[in-house]
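Residue numbers (our numbering): 11 to 101.
Here it is in structure tokens:
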């Protein structure tokens, strides 16, 4: 298989940015929580810090859920996480 790339998600989003025309819309759906979590070699859960890096050069237009809101559960063994749809615009 492919070797692990810790920045693969950021690179894929940057490549999508290159394909969009100026002002183009980009729909982004990733697992989201109040804090950033990395389950090594398995998946990421995006919190405020990593989500900002992922959406660099985009402007947030709308979201199906507020990432910073009090209703987002903390990540843990018995909790679940959200995967809201973010609407971004190319800057």
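No residue lacks a Cβ here, since even glycine has one placed at the ideal position from N, Cα and C.
| Item | Value |
| --- | --- |
| Three-state secondary structure assigned by DSSP to residue 20 | helix |
| Within-8 angstroms CB hit, residue 70 to chain D | Absent here is chain D; the protein component of the structure consists of one chain. |
| Straight-line gap, residue 12 to residue 58 (C-alpha atoms, nearest Å) | 28 angstroms |
| Simplified DSSP state of residue 61, which is helix, strand or coil | helix |
| Residue 63 classed as buried or exposed, judged by whether at least 16 other C-beta atoms fall within 10 angstroms | exposed |
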